[in-house]
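Top line first, the protein sequences correspond to chains L and A. Everything in the first sequence is counted per our numbering, starting at 23 for the first residue and increasing by one. Everything in the second sequence is counted per our numbering, starting at 81 for the first residue and increasing by one. See structure below.
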Amino acid sequence: MKRTASPAFMQNLRDVLEVTPLLVVLLGLFGGALLLGLLQSFGYAPWFGINEFPTTRYFERLWLSSDFWFSLGLTLYYGFAATLIGLVISVPLSIALSKRFKGSRLFSALIRLPLMVPYTVGIALALVMLGNGGLLSRISAGLGLIDDPSQFVQILKTHGGCGIILVYVWKQVPFMTLNLSAVLARAGDDTVEAAMVLGANSRQIFWRVTLPQIMPGIVSASLICFAFNIGAFEAPLILGGGYPDTLPVLAWRYFQDSNYAFQLQGMAVVVSLALVSGLFLAAYLQGYRRYERARGRV
Amino acid sequence: MKKAKSLTRQMLLASTLAVVSWSGAVQAEDAPGMFRSEFLKGNLGWPEVTAKARAEGTVNFYYWGGSDIINLWIDQVATPALAAEGVTLNPVRITSTKDTVDVVIAELAAGRREEAGSVDLVWVNGENFFSLKQQNALWGAFADRLPNSVNFEWDESDPRSLLNLRDFGVETGLQEMPWSGEQYVCSVNRAHVPVDQTPATFAQLKTYLEANPGKFTYVKPPHYLGNTFVQSVLYAHNPDGNGAEPYQKNFDELGSAELARLMEPGIEYLKSLEPLLLGGAAGNPRYPENSDELDNLFLNSEVHFDCKFGVFANHNGLITGTYPEQAEEMIFPVGNMIKNKNYLTVPLNSPHPAAALVAINYFSSVDAQASKLQAAGMPVGLDLWRLNDEEVAEVVAAAPPHYGITQQELDDNIAPDTNASLVDVIEATWLAVIERKDNKPLADIVAQVSGELNN
Numbered sequence: 023m024k025r026t027a028s029p030a031f032m033q034n035l036r037d038v039l040e041v042t043p044l045l046v047v048l049l050g051l052f053g054g055a056l057l058l059g060l061l062q063s064f065g066y067a068p069w070f071g072i073n074e075f076p077t078t079r080y081f082e083r084l085w086l087s088s089d090f091w092f093s094l095g096l097t098l099y100y101g102f103a104a105t106l107i108g109l110v111i112s113v114p115l116s117i118a119l120s121k122r123f124k125g126s127r128l129f130s131a132l133i134r135l136p137l138m139v140p141y142t143v144g145i146a147l148a149l150v151m152l153g154n155g156g157l158l159s160r161i162s163a164g165l166g167l168i169d170d171p172s173q174f175v176q177i178l179k180t181h182g183g184c185g186i187i188l189v190y191v192w193k194q195v196p197f198m199t200l201n202l203s204a205v206l207a208r209a210g211d212d213t214v215e216a217a218m219v220l221g222a223n224s225r226q227i228f229w230r231v232t233l234p235q236i237m238p239g240i241v242s243a244s245l246i247c248f249a250f251n252i253g254a255f256e257a258p259l260i261l262g263g264g265y266p267d268t269l270p271v272l273a274w275r276y277f278q279d280s281n282y283a284f285q286l287q288g289m290a291v292v293v294s295l296a297l298v299s300g301l302f303l304a305a306y307l308q309g310y311r312r313y314e315r316a317r318g319r320v
Numbered sequence: 081m082k083k084a085k086s087l088t089r090q091m092l093l094a095s096t097l098a099v100v101s102w103s104g105a106v107q108a109e110d111a112p113g114m115f116r117s118e119f120l121k122g123n124l125g126w127p128e129v130t131a132k133a134r135a136e137g138t139v140n141f142y143y144w145g146g147s148d149i150i151n152l153w154i155d156q157v158a159t160p161a162l163a164a165e166g167v168t169l170n171p172v173r174i175t176s177t178k179d180t181v182d183v184v185i186a187e188l189a190a191g192r193r194e195e196a197g198s199v200d201l202v203w204v205n206g207e208n209f210f211s212l213k214q215q216n217a218l219w220g221a222f223a224d225r226l227p228n229s230v231n232f233e234w235d236e237s238d239p240r241s242l243l244n245l246r247d248f249g250v251e252t253g254l255q256e257m258p259w260s261g262e263q264y265v266c267s268v269n270r271a272h273v274p275v276d277q278t279p280a281t282f283a284q285l286k287t288y289l290e291a292n293p294g295k296f297t298y299v300k301p302p303h304y305l306g307n308t309f310v311q312s313v314l315y316a317h318n319p320d321g322n323g324a325e326p327y328q329k330n331f332d333e334l335g336s337a338e339l340a341r342l343m344e345p346g347i348e349y350l351k352s353l354e355p356l357l358l359g360g361a362a363g364n365p366r367y368p369e370n371s372d373e374l375d376n377l378f379l380n381s382e383v384h385f386d387c388k389f390g391v392f393a394n395h396n397g398l399i400t401g402t403y404p405e406q407a408e409e410m411i412f413p414v415g416n417m418i419k420n421k422n423y424l425t426v427p428l429n430s431p432h433p434a435a436a437l438v439a440i441n442y443f444s445s446v447d448a449q450a451s452k453l454q455a456a457g458m459p460v461g462l463d464l465w466r467l468n469d470e471e472v473a474e475v476v477a478a479a480p481p482h483y484g485i486t487q488q489e490l491d492d493n494i495a496p497d498t499n500a501s502l503v504d505v506i507e508a509t510w511l512a513v514i515e516r517k518d519n520k521p522l523a524d525i526v527a528q529v530s531g532e533l534n535n
């Protein structure tokens, strides 16, 4: 019997070939780095003259200290707070911007401005404006409201994290709004109009029609922002309250230490952080899938 | 089709050529590592080094680029001077020397050994030198073999040679060349602190802060500036009264219990100082991450003092506008103003080692050192007693002014650095006691952190 490659097989092959470049990058670069990080966190670093593989010493030392859990709490707090505040601002904003009003074009262009500005510039802006040596404090001192700039109310460098959350929100609201606007534009006005014709009030329209429509946008935007927020280290390093630091800053401190043995401890921090964020994101997606299933969309 | 064929032929030809030239290079005298071993054996004269340097052409100089006046001096003075010797200086300005140490060690781990790396020359001292040495990443003992080595004291029988032969207590093994000698000096803002209230001891500092709470802070250890402040506190509170002396021994010699006993009063002082520091009254004392952040606090009158390594830091701060206009230097803490040197070294896998040696030789000349002192406010690394009168006069004339104190007063209050093996333990202890508020007995903490460091 003569065998010929079935069309289905050829199609499969083509699919595999198409994703190969991405797979190479993902497995080679990302997977390689992940593997190296894992190995190091379990004590494998012969290039520094350290090889105790496998040891769980670094994880034990980390997880048994109460400071680690405080740091984890801080990390999650900044991540959640910034994402939530961002959503609360972005959802009504995107709905407002989906309607035409006078100057709506200019307004939507203006709020996209922070998208083009790097985070570090946002951090510098926060320092210049809100720091105790910043513009606001100097103006207050100049007006005689306070005796010298250092008496200005402490906004930055506290564990409350006003500065960090502010920078994240400032940068991420335009991103979320853009995402949600795209989803809204795709959905169109038909369903909203239909609901209005059927006598729904604006509150009902929001909760029953618009919100479910933009749910996929909310999930994807908040997922991206949350993942970024708990992994970023610049803002918490510069605007945070110092010890105990967030986990990315803690890892950075270990990597900065001139004693190479600390690099392995830093890797344990990074691996723990990846574990936590992976768990959170998986749970979030699971919850979202259940929501969609309940609505009969999947 | 024809085109493809000719392309293949060209590639074949090119690769053959490459193989031929490569095998030729291996047989030739300048095989990677040959220059190094021949120089270190003493088989090469200086003319041969300069000839090889000209052939190499470039030297990649990695250094902390955070000071505009140093960068200007490198670009406007050092680069043309080295160009005259046939070497192109390629300055690579970095924010942290540790990053460069990481690069060198990563390259070596990846098998890029002699003449196959990317860093020729690094400005380094203390822990970073210790890391390079520990990882066998240094090029070799060159420091007494250059023409300008005569400007330094290498004779071990002269105690003054220690600053050239020990870097934070670690033997340099002549693998690095002194570049500059610095001292830990504090400045005071005269707009707020009159002369008669200026503290000279740690007890007086505390008295001042009790009257003016929050007006002092120091850079957070493990930054070396923070470590140095802590070390001077420990020297001044040494219960035996012999200051820096026991801190010259290494950790194994001294032992954890003895170190804890010596540190106890100093650590107690630091604890008691915490509520009086910037932000301390609110229970959240603020330690700046680096000297730039501290300079900003000083400039903003948020603190009244600014301590860092810099014999001419006050002058440099005034001319660059990073210090408040009424900043003056102060003698503080009396008798315990830590002095050390910083160095230039060559990593093992330097791609242009001969050019690096020529550059180091230039940086060690009296002319280069004097002009660096004048333009960049960097104290000389040379030993003045090794120079002739004319050269001494050149250096003295180049020195920037002091404010409120004299060079003699600075020299009278010198204290040596702490042994590098103790620095690690001291910084870990600070992190445990001051930052993490660990209130176990100090001896237990020191034993625990030193155990963690050593395994």
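Backbone N, C-alpha and C fix where the C-beta goes; we use that ideal spot for every residue, glycine too.
Which residue marks the beginning of the beta strand (DSSP E) containing residue i, and which one marks its end?
i        : result
A:Ile174 : Thr168 to Ile174
A:Met417 : Met417 to Thr425
A:Pro258 : Glu256 to Asn269
A:Asn140 : Thr138 to Trp144
Residues in the same chain with beta-carbon distance under 8 angstroms from residue i, minus the five sequence neighbours each way, listed in chain order, please.
i        : result
A:Val407 : According to the sequence provided, residue 407 of chain A is Ala. The question's Val does not apply to it. Hits under 8 angstroms: Ser267, Val268, Asn269, Arg270, Phe378, Asp386, Asn394, Gly397, Leu398 and Tyr483.
A:Ala523 : Ser336, Ala337, Ala340 and Arg341
L:Gly101 : Phe248, Asn251 and Ile252
When burial is assigned at 16 or more other CB atoms within 10 Å of the CB, is residue i buried or exposed?
i        : result
A:Phe389 : buried
A:Ser103 : Reliability of the predicted coordinates at A:Ser103 is poor, the pLDDT of 44 falling under 50, and no value is obtained from them.
L:Gln33  : exposed
L:Glu215 : exposed
L:Gly164 : exposed
L:Phe64  : buried
A:Trp465 : exposed
L:Ser112 : buried
L:Val38  : exposed
A:Met561 : Lying before the first or after the last residue shown, residue 561 of chain A is absent from chain A, which here runs from 81 to 535.
A:Lys300 : buried
A:Pro274 : exposed
Please state whether the Cβ-Cβ distance between residue i and residue j is less than 8 angstroms.
i        : j        : result
A:Trp144 : A:Thr177 : yes
A:Val526 : A:Ala223 : no
A:Leu462 : A:Val446 : yes
L:Thr97  : L:Ile252 : yes
A:Thr159 : A:Thr138 : no
L:Val293 : L:Leu106 : no
A:Ser260 : A:Pro459 : yes
A:Ile150 : A:Ala456 : yes
L:Ala257 : L:Tyr190 : yes
A:Tyr349 : A:Leu502 : no
L:Phe81  : L:Tyr282 : no
A:Arg192 : A:Asn429 : yes
A:Val426 : A:Ala434 : no
A:Leu314 : A:Gly346 : yes
Can you find the residues in the same chain that come closer than 6 angstroms, C-beta to C-beta, to residue i, ignoring five residues on each side of it along the sequence?
i        : result
L:Leu200 : none
L:Phe90  : Leu84
A:Ala105 : Residue confidence for A:Ala105 is low, a pLDDT of 43 falling below 50, so the modelled location carries little weight; the figure read from the coordinates is stated next. Excluding positions up to five away in sequence, the list is empty.
In terms of residue numbering, what span does the alpha helix (DSSP H) encompassing residue i cover?
i        : result
A:Lys178 : Thr177 to Ala189
A:Phe389 : No alpha helix (DSSP H) holds A:Phe389; the beta strand (DSSP E) holding it covers Phe385 to Phe389.
A:Tyr288 : Phe282 to Ala291
L:Tyr276 : Leu269 to Gln278
A:Ala316 : Tyr304 to Ala316
A:Glu471 : Asp469 to Ala478
Apart from the five residues just before and just after residue i, which ones in its own chain have a Cβ nearer than 7 angstroms to its Cβ?
i        : result
A:Asn441 : Leu226, Pro227 and Asn228
L:Leu152 : Leu158, Ile177, Leu178 and Gly185
A:Tyr288 : Gln277 and Pro279
A:Val199 : Asn140, Tyr142, Thr180, Val183, Val184, Pro427 and Ser430
What does residue i reach in chain B if we use C-beta pairs closer than 7 angstroms?
i        : result
A:Ala189 : Looking for chain B here will not work: the only protein chains present are L and A.
The ligand ATP and residue i: does any heavy atom of the ligand fall closer than 7 angstroms to the residue's C-beta?
i        : result
A:Ile399 : Absence of the ligand ATP is noted for the structure shown, with no ligands found whatsoever.
Inter-stretch contact at 8 angstroms, needing at least 3 Cβ pairs: the stretch 469 to 482 of chain A / the stretch 307 to 326 of chain A: no
Touch test, the stretch 226 to 233 of chain A against the stretch 197 to 216 of chain A, Cβ-Cβ under 8 angstroms, three pairs minimum: Fewer than three pairs of CB atoms, one per stretch, sit closer than 8 angstroms, so the stretch 226 to 233 of chain A makes no contact with the stretch 197 to 216 of chain A.
Three CB pairs or more closer than 8 angstroms across the stretch 117 to 137 of chain L and the stretch 197 to 213 of chain L: yes
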